[in-house]
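The sequence shown: position 21 = 21 (our numbering), numbered continuously.
Glycine included, every Cβ here is placed at the ideal spot set by N, Cα and C.
This one's a predicted model, so the numbers in the text were calculated from it and none came from an experiment.
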Amino acid sequence: MLLANPYFATAAYFAVTGLAMILFLTIFELVTKYRVWKEIKKGNVAVAMATGGKVFGIANIFRFSIEHHDSIGQALIWGSFGFLLLLVSYFVFEFMTPSFHVDAEIERDNRAVGFLSMVLSVGFSYIVGASLKL
């Protein structure tokens, strides 16, 4: 089997996770009220921090998923489930801040909100990732 070769297995996990990362970042782009890459191009640091947290969060969830599952298919399924939980945490963050809109603040380059968004994505990715080994 090709996945028995560690070089092939590494390349396969890299490719599958890379494609999942692109898909999941596209989904995040669809649910935010601002255009991520347009804002980053303009130099919006808050958007860059929030997006960086999402990238790290997705990668971290997949790290746990790959580490604790026997096949690429299982890792992809559990990583995708972990992504959905990370997406839920994004909506919970917006819900828990009724005095302001997270997306609007990040779009205005409010770096405090962008930083908090980044830390929440990273933090929740550890919680979600650790639970994926069950």
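Residue i classed as buried or exposed, judged by whether at least 16 other C-beta atoms fall within 10 angstroms
i      : result
GLU67  : exposed
TYR90  : buried
PHE100 : exposed
ALA104 : exposed
LEU169 : Residue 169 falls outside the range modelled here, since the chain spans only 1 to 134, and no answer is possible.
LYS54  : buried
THR10  : exposed
TRP37  : exposed
ALA15  : exposed
ALA20  : buried
PRO2   : Contrary to the premise, residue 2 reads as Leu rather than Pro in this sequence. So LEU2 counts as exposed.
GLY43  : exposed
LEU84  : exposed
LEU132 : buried
Sequence-distant residues of its chain with Cβ nearer than 8 Å to residue i (five each side left out)
i     : result
ARG63 : GLY129
ILE86 : Rather than Ile, the amino acid found at residue 86 in this sequence is Leu. Answer for LEU86: LYS54, GLY57, ILE58, ILE61, SER121, PHE124, SER125, VAL128, listed in chain order.
Cut-off 7 Å between Cβ atoms - residues of its own chain near residue i, not counting five sequence neighbours on either side
i     : result
VAL45 : ASP109, ARG111, GLY114
THR26 : none
GLU39 : VAL47, GLU107
PHE93 : VAL102, SER117, LEU120
Endpoints, the alpha helix (DSSP H) within which residue i is located
i      : result
MET21  : 6 to 31
THR97  : From DSSP, THR97 is part of no alpha helix (DSSP H); its letter is neither H nor E.
ARG111 : 111 to 131
ARG63  : 45 to 68
LYS41  : 36 to 41
Residues near residue i by beta carbon distance below 6 Å, same chain, minus five either side
i     : result
TYR13 : ILE66
THR17 : PHE62
- Query: Taking contact to mean at least 3 C-beta pairs separated by less than 8 Å, is the region 68 to 75 in contact with the region 52 to 60?
  - Reply: Per the Cβ contact rule, the region 68 to 75 is not in contact with the region 52 to 60 (fewer than 3 Cβ pairs under 8 Å).
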